[in-house]
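Note that this note's numbering numbers the sequence shown so that position 96 is 96, with each residue one more than the last.
For each residue, glycine too, the CB sits at the ideal point set by N, CA and C.
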Amino acid sequence: MVYRLSFFGRCGEQNAQDAIGRLLDEVLTDGASVLAEVCGPVMPVDEVAAYRLATRTPEGMAEGDRLTLEVHLGVAHNAEVVIRIDPDDARGIWGSDLYAVISLSGGHPDWVLVDRIWAALERLWSAVAWDEQSGFDLSRGIPT
């Protein structure tokens, strides 16, 4: 089973690769280094960038299961998902040019890295979090 945590915001970057690069730079400002592997798309496009990530241990291994971070960029590119999730614009996400998704699977999610990414998204672009189970009623933090 895959858990997906989505974020919406306005970042103003030129393309998704620039946005994900800026986001990862921000993530690295507070905490351990990160193992990163480009995972898509095969043919580069301006609207999408994705990496498989994990917190790096001192031994150079992954701290937990790798997560996937996708960044989708562009108001028109993201419009369908924004309207589906917030049809009345009650959360003010219409016009979001940033749609980021963290996908987690496996028995040992890297919740510390999720929290670092979430914090970076909030700091950089005041991103709003959403998931299928809780909608917009989420609070940042590591599940206990």
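- The Cβ atoms of S134 and V2 lie no closer than 8 angstroms to each other.
- If you ignore the 5 residues before and after R123, its C-beta comes within less than 8 angstroms of the C-beta of E26, all in its own chain and listed in chain order.
- Taking A16 as the centre and dropping the five residues before and after it, the same chain places the C-beta of D46, E47, V48, A49, V71, H72 and L73 closer than 7 angstroms to its C-beta, in chain order.
- According to DSSP, P109 shares a beta bridge with D65.
- In terms of CA proximity to L28, A54 leads the group A54, G107, C11 and P44.
- With a beta-carbon spacing of about 11 angstroms, L69 and A19 fall beyond the 8 angstroms limit used to define contacts.
- The alpha-carbon of L121 is positioned some 15 angstroms away from that of R4.
- Taken through DSSP and simplified to helix, strand or coil, V2 comes out as coil.
- For W125, the three-state secondary structure derived from DSSP is helix.
- Residue burial is scored here from C-beta neighbours: E37 has fewer than 16 other C-beta atoms within 10 angstroms and is therefore classed as exposed.
- Per DSSP, T29 has no beta bridge partner at all.
- Under the DSSP assignment, I83 falls in the alpha helix (DSSP H) whose first and last residues are V75 to I85.
- Assigned with DSSP and collapsed to three states, D46 falls in coil, not helix or strand.
- The stretch 77-92 and the stretch 107-117 do not touch, with fewer than 3 CB-CB distances between them shorter than 8 angstroms.
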